[in-house]
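J.: Pasting a structure here, questions to come.
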Amino acid sequence: MFKRHYSDPDVPTVTIRFEGEAIEARATDTVAAALLIAGVTATRTTPVTGQPRAPYCMMGVCFDCLMVIDGEGDRQACLVPVAEGMTVSRQNRTIEVVR
Amino acid sequence: MSISTTADAVIVGGGLVGVAIAYGLVQRGLDVVILDEGDVAFRASRGNFGLVWVQSKGVGMPAYAQWTRRSSDLWPEFAETVREDTGIDLQFSRNGGYQFCLSEKEFQDRVRMMDTLVEASGGTFTYEMMRRGELADRLPELGPDVVGASFSPHDGHVNSLRLFRAMHVGFQKHGGTYTPNSRVTDITRDGDGFRIATEKGDIYRSARVVLAAGNATRELAPMVGLEAPVSPQKGQILVTAKTSPFLDCPTAQLRQTGEGSVLIGDSKEESGFEDMTSPETIKMLADRAVATFPALQKVRVVRSWAALRVMTPDGFPVYGQSETHPGAFVACLHSGVTLAAAHVGPMADAIAGGGLPPSFESFSADRFNV
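If you read the sequences in order, they're chains D and B. First residue of the first sequence: 1, per this note's numbering; consecutive thereafter. First residue of the second sequence: 1001, per this note's numbering; consecutive thereafter.
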């Protein structure tokens, strides 16, 4: 659905893991951008009704991109830059995430 | 430019108390104008916690315990009627409510307070004291510091912003006129009724005037021979990120909303007309919430705010009608959410009809002049 409009050849590639699966990203990507380009459509489910959600505003305002990043829940994937070896998973029921 | 408007009733104050009474009056066929301040006002109604709360209300004033209970009992049908009239779901539920005790002393104090309420209610108020073991069966997230809790089946909660909006929508749907940026500067007698002037220089004439302007009522009440000795009491609230449902009924200090956020509150500070949050109070609220439900430790706080309660010296409402200015009423109180159903119903009935019933005498501000 999404594709890279411009890619600076000097920016190195990093690998992150989303739900255990390796995803190639550019070091300047945010987690949300990297996942959208990789074709991930649902990055969390809502805590009450369990509906799927994806990053929306991409600028830290809408809180729809909350994910578990390196074991920590409720992180805004659109504001977190990727890093080599980072592990990312869908955020489901938050209170279970914190246990 | 000044305008002159005539109405059956002018409500001074567009907060939850004023608009609930106004909504009740328009449903009874009155032509009603609400005069509200602008955004400079201290808006208690936009900082609410959202409890529809019975336990702990009215120790020392049985009439208040009974009035609160009456509103609580009206709430289920009220919420349904509001939904039908305005299309707004208030997210009201009444599964009972807890007040947690974090020490044996708190537990014993709570027992005594609950017994006083049973007495004040003539035996209609019911509660249970629950020990930790019994509670933990119902609330698996409960922390080890919780000794027990009081539980009352009369308690509930609601989305108070939806309630506030629904009151305004319903009021205007039935022909009411909401007029913001209209601080009232003067109220004088005008034949059998009143002449009300705003800071813009607009003039309103009406047979009845209801003062429901929160903390500003203190200055307005003497204009119609009434008193409203209220002053601000600051409360601070924290809101967490949305979490999966773990608490199906509210507690006095925290509740989970229909969307999954957890609201944490119930701080009390006498700080005058100042509504800033402070790190000390926020830490106190957060610490107490985590002691109650340790899982909250890692749930993020996404917002906090402070608002000013409207408090009388004894904490109970002031309702009154003027003897020197017949047709002038005052309604000045904390708990505009809990009492909304009573304000739309019996309170509006009284104001539209022959005035406050004799049972309201104990709410008069005369009680402070003994």
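Glycine included, each C-beta is placed from N, C-alpha and C at the ideal position. All of these numbers come straight from a predicted model, not from anything done at the bench.
(1) Please confirm whether B:A1007 has its beta-carbon closer than 9 Å to some beta-carbon of chain D.
(2) For B:Q1236, write down the residues that DSSP places opposite it in a beta bridge.
(3) Strictly below 8 Å CB to CB, what residues from chain B border D:R113?
(4) If you run the structure through DSSP and keep just helix, strand and coil, what is B:V1040?
(5) Run down chain B in chain order and give the residues with a C-beta less than 7 Å from the C-beta of D:G39.
(6) With distance defined between alpha-carbon atoms, name the residue in B:H1334, B:P1222, B:R1255 nearest to B:P1232.
(7) Could you tell me whether the Cβ of D:V61 comes closer than 9 Å to any Cβ of chain B?
(8) Give me the chain B residues within the contact set of D:V48, using Cβ-Cβ distance strictly less than 8 Å, ordered along the chain.
(9) Which ranges does the beta strand (DSSP E) cover as unbroken runs of at least 3 residues, wholly within the region 1218-1289 of chain B, from first to last along the chain?
(10) My output table needs one value for B:G1193: the three-state DSSP class, helix, strand or coil.
(11) Counting only beta-carbon atoms, is D:D74 nearer than 9 Å to chain B?
(12) Can you tell me where the beta strand (DSSP E) with D:E24 in it begins and where it stops?
(13) Counting only Cβ pairs nearer than 7 Å, list the residues of chain D close to B:R1300.
(14) So, are the CB atoms of D:T13 and D:A25 less than 9 Å apart?
(15) Report buried or exposed for B:A1341, applying the criterion of at least 16 other Cβ atoms within 10 angstroms of its Cβ.
(16) Please give the ranges of any beta strand (DSSP E) in the region 1142-1187 of chain B, keeping only runs that are unbroken, at least 3 residues long and fully inside the region.
(17) With distances taken from CA atoms, which of B:H1168, B:L1247, B:A1352, B:L1226 is nearest B:V1082?
(18) Any C-beta of chain B sitting closer than 9 Å to the C-beta of D:L79?
(19) Do you know whose CA, among B:P1229, B:V1010, B:G1353, lies nearest B:V1032's CA?
(20) Between the region 1161-1181 of chain B and the region 1019-1028 of chain B, do at least 3 Cβ pairs fall closer than 8 Å?
(21) Touching or not, the region 1240-1251 of chain B and the region 1097-1116 of chain B, by the rule of three or more beta carbon pairs under 8 Å?
T.: According to the data block:
(1) no
(2) B:A1306
(3) Residue 113 of chain D falls outside the range modelled here, since chain D spans only 1 to 99, and no answer is possible.
(4) coil
(5) By Cβ distance, chain B contributes nothing, its closest Cβ being about 26 Å from D:G39, past 7 Å.
(6) B:H1334
(7) no
(8) K1242, S1244, P1245, G1258, E1259, G1260
(9) 1231-1240, 1254-1256, 1262-1264
(10) strand
(11) yes
(12) 21-26
(13) D74
(14) yes
(15) buried
(16) 1148-1152, 1177-1179
(17) B:H1168
(18) no
(19) B:V1010
(20) yes
(21) yes
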